Amino acid sequence: MMTTPKPSAKTPDTAIYDRRESGVRSYSRSMPRQFNRAQGVWMHDSEGGRYLDFLSGCSSLNYGHNHPVLKQALMDYIASDGVTHALDLHTDAKTDFLQTFEDVILRPRGLDYRAMFTGPTGTNAVEAAIKLARKVTGREMVIAFTNGFHGMTLGALACTGNAGKRGGAGVPLSHVSHEPFDGYFGDEVDTADLLEQRLADPSSGLDAPAAFLVETVQGEGGLNAARPEWLRKIAAIAKKHGALMIVDDIQAGCGRTGGFFSFEDMGFTPDVVTLAKSLSGMGLPFALTLFRPELDVWNPGEHNGTFRGNNHAFVTATAALREFWADPSFADDIARRGGILEQRLERIARRHGLSTRGRGMMRGINVGSGEVADKITGACFDEGLIIETSGAHDEIVKVLAPLVIDDETFNAGLDILEEAIAEAIAPVDDADTRSERKLNVAA
Ligand SMILES: *Cc1c(COP(=O)(O)O)cnc(C)c1O
1 MMTTPKPSAK
11 TPDTAIYDRR
21 ESGVRSYSRS
31 MPRQFNRAQG
41 VWMHDSEGGR
51 YLDFLSGCSS
61 LNYGHNHPVL
71 KQALMDYIAS
81 DGVTHALDLH
91 TDAKTDFLQT
101 FEDVILRPRG
111 LDYRAMFTGP
121 TGTNAVEAAI
131 KLARKVTGRE
141 MVIAFTNGFH
151 GMTLGALACT
161 GNAGKRGGAG
171 VPLSHVSHEP
181 FDGYFGDEVD
191 TADLLEQRLA
201 DPSSGLDAPA
211 AFLVETVQGE
221 GGLNAARPEW
231 LRKIAAIAKK
241 HGALMIVDDI
251 QAGCGRTGGF
261 FSFEDMGFTP
271 DVVTLAKSLS
281 GMGLPFALTL
291 FRPELDVWNP
301 GEHNGTFRGN
311 NHAFVTATAA
321 LREFWADPSF
331 ADDIARRGGI
341 LEQRLERIAR
351 RHGLSTRGRG
361 MMRGINVGSG
371 EVADKITGAC
381 FDEGLIIETS
391 GAHDEIVKVL
401 APLVIDDETF
411 NAGLDILEEA
421 IAEAIAPVDD
431 ADTRSERKLN
441 VAA
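Spelled out as structure tokens, the structure:
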């Protein structure tokens with residue numbers, strides 16, 4: 001089995017990109033290769049190099065690249081002239097998806113949600129969720145949280161914390177209050193209690209919200225994982241104050257944190273859930289907003305979109321639900337692999353006096369600054385490991401390996417990360433020479 005990356009040394013000519021592609025491009029800057037093939041956990045470039053993918057399309061490729069079962073389902077569908085585009089018309093592919101989603105995901109979890117097919121990006125699912133909350137409650141204000149990331153269109157961007165992203169708006173981003181996420185003031189302060197106190201105080205200046213919009217683990221905001229008891233409190237506060245609780249499960253869902261939904265077994269049920277990223281299973285654009293049936297106050301076409309029925313994505317999403325989620329042992333598999341990740345990151349953190357973040361297969365390590373994190377991810381890329389950063393200062397190196405990675409390859413990738421961190425940061429007990437650092441690593 002192939003377990004080690006083999007990066008190519010050469011940066012191909014990027015003149016066409018420099019000349020024609022907008023400066024808004026981002027990931028391609030730190031990974032200047034030309035990729036041409038991808039299979040499982042591997043990406044290949046035009047020079048014959050291979051790279052281990054610990055980014056997984058920011059968790060859009062939880063089942064790896066071009067999974068053979070998903071790919072076959074799509075090829076069969078295309079070969080039979082299955083409908084590709086049908087606005088929101090009923091199609092075989094759409095029926096199969098809804099039926100399978102009901103059978104494999106909703107029923108076994110005792111969840112009763114209506115599915116709204118939004119435009120195919122995550123940000124559109126968030127737009128739909130907050131529009132719905134405002135329509136249902138007749139209120140304007142949404143409570144979002146520090147370090148939250150919810151997308152780049154104006155409504156979702158207003159709920160996003162990051163100043164750099166917000167700066168692109170060009171108009172005031174309004175009708176959102178950004179409240180401290182769990183742990184924002186350290187372990188001693190329960191930010192849900194502070195929020196409750198202000199909402200209960202008619203003189204606090206905090207308006208009654210339409211919704212609370214929250215990620216259970218903040219994907220872009222630094223892999224901060226909310227405690228289940230904090231999330232239960234937020235759900236209770238929402239209920240008490242007549243607001244909807246929206247869980248943005250676009251990155252943390254679809255198995256990334258263990259279950260299909262990131263809030264499973266936490267003792268609360270969100271009113272609204274957004275899904276995208278790995279929902280199609282194959283990296284095809286596909287987003288969903290789920291909500292309690294009583295909340296379905298939409299008029300026909302009130303949140304429209306040309307691409308609300310990506311039939312190819314229905315086909316691969318259905319195949320993914322059958323292939324992975326019909327068998328409950330898949331979640332156990334993720335938990336076991338998440339345990340390996342936790343142990344290895346904890347060991348690295350202890351050695352270098354760092355701290356870890358996250359949950360399940362969505363974890364990272366705080367290396368102190370964006371500069372150090374860049375150095376580490378750059379060194380990893382030079383060794384053929386694709387890995388990225390997260391957090392307010394890009395100071396968290398985040399591991400988003402495919403959920404289906406085998407242990408040997410997973411450990412080989414983590415070895416590269418461990419080595420890159422050892423090169424960049426001295427161990428806590430001796431900051432001296434490289435050979436000593438190596439000794440320390442072996443110990
Ligand atoms: C990626 C992401 C979004 C936005 O999804 P896009 O498809 O990029 O629009 C929204 N919320 C969360 C939590 C995300 O990780």
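The UniProt record's numbering puts the sequence shown at residues 1 to 443.
Using N, Cα and C, we set each Cβ at its ideal position, and we do this for glycine too.
Values in this document were obtained by computation on a predicted structure and should not be read as measured data.
{"query": "At 3 residues or longer, and completely inside the segment 368-441: list those beta strand (DSSP E) runs for me, N to C.", "result": "388-390 and 396-399"}
{"query": "Would you kindly check if the distance between the Cβ of THR289 and the Cβ of VAL133 is under 8 Å?", "result": "Val is not the amino acid found at residue 133; the sequence shown has Ala there. Against a cut-off of 8 Å, the Cβ pair of THR289 and ALA133 comes out as no contact."}
{"query": "Under the rule that 16 or more other beta-carbon atoms within 10 Å means buried, what is ALA442, buried or exposed?", "result": "Summary for ALA442: the model assigns pLDDT 37, below 50, so the residue's position carries little reliability; its value from the coordinates is reported in the next sentence. Exposed: under 16 other Cβ atoms inside 10 Å."}
{"query": "Classify ARG33: buried if its beta carbon has 16 or more other beta carbons within 10 angstroms, exposed otherwise.", "result": "buried"}
{"query": "On the CB-based measure, 16 or more other CB atoms within 10 Å of its CB, does VAL189 come out buried or exposed?", "result": "exposed"}
{"query": "Give me the Cα-Cα distance between ASP88 and PRO300, rounded to the nearest whole angstrom.", "result": "11 Å"}
{"query": "Roughly how many angstroms lie between the CA atoms of ALA319 and GLU196, to the nearest whole one?", "result": "43 Å"}
{"query": "What does the alpha-carbon distance come out to for the pair HIS241 and ASN162?", "result": "27 Å"}
{"query": "Do ARG357 and VAL428 have their beta-carbon atoms positioned less than 8 Å apart in this structure?", "result": "no"}
{"query": "Would you mind listing the beta strand (DSSP E) stretches within the segment 243-324 that are 3+ residues and don't spill past its ends, in chain order?", "result": "244-248, 272-275 and 288-291"}
{"query": "Between the alpha carbons of THR377 and GLY391, how many angstroms are there, rounded?", "result": "14 Å"}
{"query": "Applying the criterion that 16 or more other CB atoms from any shown protein chain within 10 Å of the CB defines a buried residue, is TYR27 buried or exposed?", "result": "exposed"}
{"query": "Determine the DSSP secondary structure at LYS10, reduced to helix, strand or coil.", "result": "coil"}
{"query": "Quick check: is any heavy atom of ligand 1 less than 7 Å from the C-beta of MET248?", "result": "Looking at the sequence itself, residue 248 is Asp, so the reference to Met does not match. It does: the Cβ of ASP248 is within 7 Å (strictly closer) of some heavy atom of ligand 1."}
{"query": "What residues are listed by DSSP as bridge partners for VAL176?", "result": "VAL142"}
{"query": "With distances taken Cα to Cα, identify the nearest neighbour of SER329 among LEU403, SER46, ALA115 and ASP249.", "result": "LEU403"}
{"query": "Does the Cβ of GLY305 lie closer than 7 Å to at least one heavy atom of ligand 1?", "result": "no"}
{"query": "Mind the definition here: the segment 232-251 touches the segment 206-220 only if three or more C-beta pairs lie below 8 Å; say whether that holds.", "result": "yes"}
{"query": "Taking 7 Å as the cut-off, is the CB of HIS150 close to at least one heavy atom of ligand 1?", "result": "yes"}
{"query": "Below 8 Å on the Cβ atoms is my guess for ILE334 versus GLY255; work out the distance and round it to an integer in Å.", "result": "6 Å"}
{"query": "For residue 505, is the beta carbon positioned less than 7 Å from some heavy atom of ligand 1?", "result": "This structure does not reach residue 505, given that the chain is present from 1 up to 443, and the question cannot be answered."}
{"query": "Decide if LYS239 is buried, meaning its Cβ has at least 16 other Cβ atoms within 10 Å, or exposed.", "result": "exposed"}
{"query": "Residue 444 by DSSP, collapsed to three states: which one?", "result": "This structure cannot speak to residue 444, because the chain is shown only from 1 to 443."}
{"query": "For ILE246 and ASP394, what's the separation of their Cα atoms in angstroms?", "result": "26 Å"}
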